[in-house]
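All letters in the sequence shown, in the order written, are residues 2 to 377 by the working numbering.
For each residue, glycine too, the CB sits at the ideal point set by N, CA and C.
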Amino acid sequence: MRPENPVFIPGPTNMPEVLRRACDMPTLDHRSAAWGEILRPALAGVARVIEAPADARVLLFPATGTAGWEAALANTLSPGDRVLACENGMFSRRWIAMARALGLEVEELRVPWGEGLPAQRMGEVLAADRGHAIKAVLATHNETATGVVSDIGAIRAAMDAAGHPALLFVDGVSSIGSMPFRMGAWGVDVAVTGSQKGFMLPAGLAILDFRAMAAATEGGGFPYTPPVGLISGLKLSCELLLGEGMEAVFARHRRIAGGVRAAVAGWGLSLCAARPEWRSETVSAVRTPEGFDAGRIVTHAAERYGVAFGVGLGDVAGKVFRIGHLGLLSDVQALAGIATAEMVMADLGLPVRLGSGVAAAQEHYRASAAAMAAAA
């Protein structure tokens, strides 16, 4: 029998035992009063997690975040409509491809992978669109392929400065529930996420605000058979997050991410994120030396030590490996992942001194723990 290790991929994430039990429930009539006692708190909990405005509506689909994107686009826009989007990684690229597949015309900007979305350039495009042909702006909040977070508030500010009425669609799949997401304050019209990352559940729920179909779920009804067990888990997940306090959740993710970054610096390596303000709190894409296939680290870690890291995707495939640090993860668990990565790199002949990253991360976690104790 092989012991179970935590996963260090950017989703699906490690799942608390209490959430596994919440999902494992007997069959329940999804038109019963008992079902409403599960559904209503789950929807209200999601709204609180994303800081949705009072007029927002949360909808759940038995699908993944990708299907949530499709539902958002297909039910608000029509073939031939024009949208503005910027590619800065694999998942923004996929959203652009999906928009085109649905018959939308895409005004596409590009920045190097490793950079955040260029709010100023996006605002300039919108200001030049005097006829308001652009109906929506598509923005990926946290680009999982590169470990880059973008400033959604700055994009909304640029849209407002341009006086443009386009809708703001945001992919929050790998940020919501782990990093600050201010739907109301940022003026987000449609937010999309999934169950398998910050909510710490299995994949299978697409979660989005979608006012056009809000009437379909009034009274607890659904136009499809809902995944009752997953939504039971979502109800408890929101209770756990809100019980900890979202600011405390965000601080925990910042602390763990800081230790991972300290380790990367200790190894003499760098992150794909080109500037500190673009560094994600949920995933770090670590660049390996030129000419070295970073995919070997992921393969060796799985085969030799039974630990999962994330591979590089798209334009950074073979150039980075990814350490996921979101969901149910502690400082001690993060140190185990860092130590494993060190052993793997040493095994593969990279010039990494054993203990260098671990020591740097330990100092970070010790200092942050001391600061928390002093503030208590």
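State the Cα-Cα distance for the pair residue i and residue j, rounded to the nearest angstrom.
| i | j | result |
| --- | --- | --- |
| L206 | D316 | 28 Å |
| D161 | D332 | 40 Å |
| P7 | V189 | 34 Å |
| R58 | A43 | 12 Å |
| A264 | A335 | 10 Å |
| V312 | V321 | 7 Å |
| R212 | E88 | Any answer about R212 is weak, because its pLDDT of 45 lies below 50 and its placement is not dependable; what the coordinates show is given next. Cα-Cα distance, rounded: 27 Å. |
| G325 | R288 | 14 Å |
| E38 | V50 | 19 Å |
| A163 | D130 | 9 Å |
| F9 | T283 | 10 Å |
| A337 | L78 | 46 Å |
| L270 | G358 | 10 Å |
| M247 | H365 | 22 Å |
| V386 | F310 | A question about residue 386 goes unanswered here, because the residues of the chain that appear run from 2 up to 377. |
| I339 | R280 | 18 Å |
| L242 | R22 | 17 Å |
| T218 | E304 | Because T218 carries a pLDDT of 48, less than 50, the predicted location of this residue cannot be relied on, and no value is offered for it. |
| A216 | D56 | With a pLDDT of 45 at A216, under the threshold of 50, the modelled position of this residue cannot be trusted, and the question is left open. |
| A258 | C239 | 22 Å |
| G124 | R101 | 22 Å |
| F1 | Y306 | Residue 1 cannot be examined here, being either before or after the span of the chain that is shown, 2 to 377. |
| G117 | I156 | 11 Å |
Quickly, what does DSSP pair residue i with across the bridge? List them, please.
| i | result |
| --- | --- |
| L272 | V287 |
| E144 | V149 |
| W36 | W36 pairs with nothing; no bridge assigned. |
| E364 | Paired residues: none, contrary to the question. |
| F9 | F310 |
| G195 | A207 |
| I177 | M180 |
| F170 | L139 and V191 |
| V59 | D210 |
| W114 | E116 |
| G325 | V284 |
Considering just the uninterrupted stretch of the beta strand (DSSP E) at residue i, what are its terminal residues?
| i | result |
| --- | --- |
| G319 | It is not in any beta strand (DSSP E) - G319 carries neither H nor E in the DSSP assignment. |
| E109 | E106 to R111 |
| F293 | Note, F293: premise wrong, no beta strand (DSSP E); not H, not E. |
| L85 | R83 to E88 |
Grab me the residues of residue i's own chain with a C-beta within less than 8 Å of its C-beta, minus the 5 sequence neighbours each way, in chain order.
| i | result |
| --- | --- |
| A186 | E52 and G154 |
| C24 | L202, P203, G230, L231, S233 and G234 |
| I135 | R83, V84, L85, E108, V126, L127, H165 and A167 |
| E18 | none |
Residues in its own chain within less than 7 Å of residue i by CB, not counting five upstream and five downstream?
| i | result |
| --- | --- |
| F92 | T141, E144, T145, A146 and D172 |
| V353 | W268, E343, M346 and A347 |
| A360 | G267 |
| T226 | H31 |
| V174 | G66, V193, T194, G195 and K198 |
| K236 | I39, P42, A43 and G46 |
| A295 | T289, G313, G319, K320, V321 and F322 |
| A370 | none |
| R122 | L110 |
| W70 | W96, M99, D172 and V193 |
| A73 | F170, V191, V193, L209 and F211 |
| A35 | L29 |
| M214 | Low confidence applies here, because M214 scores a pLDDT of 43, under 50, leaving its location unreliable; read the following figure in that light. Here the set comprises L60 and N76. |
If we call anything under 8 Å between Cβ atoms a contact, is residue i one with residue j?
| i | j | result |
| --- | --- | --- |
| G178 | G199 | yes |
| L85 | V126 | yes |
| G328 | T14 | yes |
| L80 | L105 | A small fix is needed here, since residue 80 is Pro in this sequence, not Leu. It is a contact, given that the beta carbons lie within the stated cut-off. |
| V1 | I232 | Any question about residue 1 goes unanswered here, given that the chain covers just 2 to 377. |
| R255 | A286 | no |
| A274 | G115 | yes |
| A383 | A137 | Any answer about residue 383 is impossible in this case: the structure gives the chain only from 2 up to 377. |
| L40 | G234 | no |
| V261 | A362 | yes |
| G195 | V149 | no |
| D82 | A120 | no |
| R297 | L355 | no |
| P63 | P277 | no |
| L103 | A68 | no |
Kindly list the residues whose CB is nearer than 6 Å to the CB of residue i, restricted to its own chain and excluding five residues on each side of it in sequence; keep chain order.
| i | result |
| --- | --- |
| M16 | M201 |
| P426 | In the structure as shown, the chain starts at 2 and stops at 377, and residue 426 therefore has no counterpart that could be examined. |
| V308 | N6, A302 and T341 |
| R183 | E52 |
| M26 | G230 and S233 |
| A374 | none |
| I139 | Rather than Ile, the amino acid found at residue 139 in this sequence is Leu. For L139, where only same-chain residues beyond five positions count, the Cβ hits under 6 Å are V84, A86, W96 and F170. |
Along the alpha helix (DSSP H) that carries residue i, what are the first and last residues, could you check?
| i | result |
| --- | --- |
| A337 | D332 to D348 |
| R131 | Here R131 belongs to no alpha helix (DSSP H), and DSSP marks it neither H nor E. |
| I51 | First-last for I51: undefined, no H or E at that position. |
| R253 | M247 to G267 |
| R22 | E18 to C24 |
| S93 | M91 to A102 |
| L74 | G66 to A75 |
Check whether chain D comes within 8 Å of residue i, counting only Cβ atoms and requiring the distance to be less than that.
| i | result |
| --- | --- |
| G307 | The structure shown contains no chain D, having only a single protein chain. |
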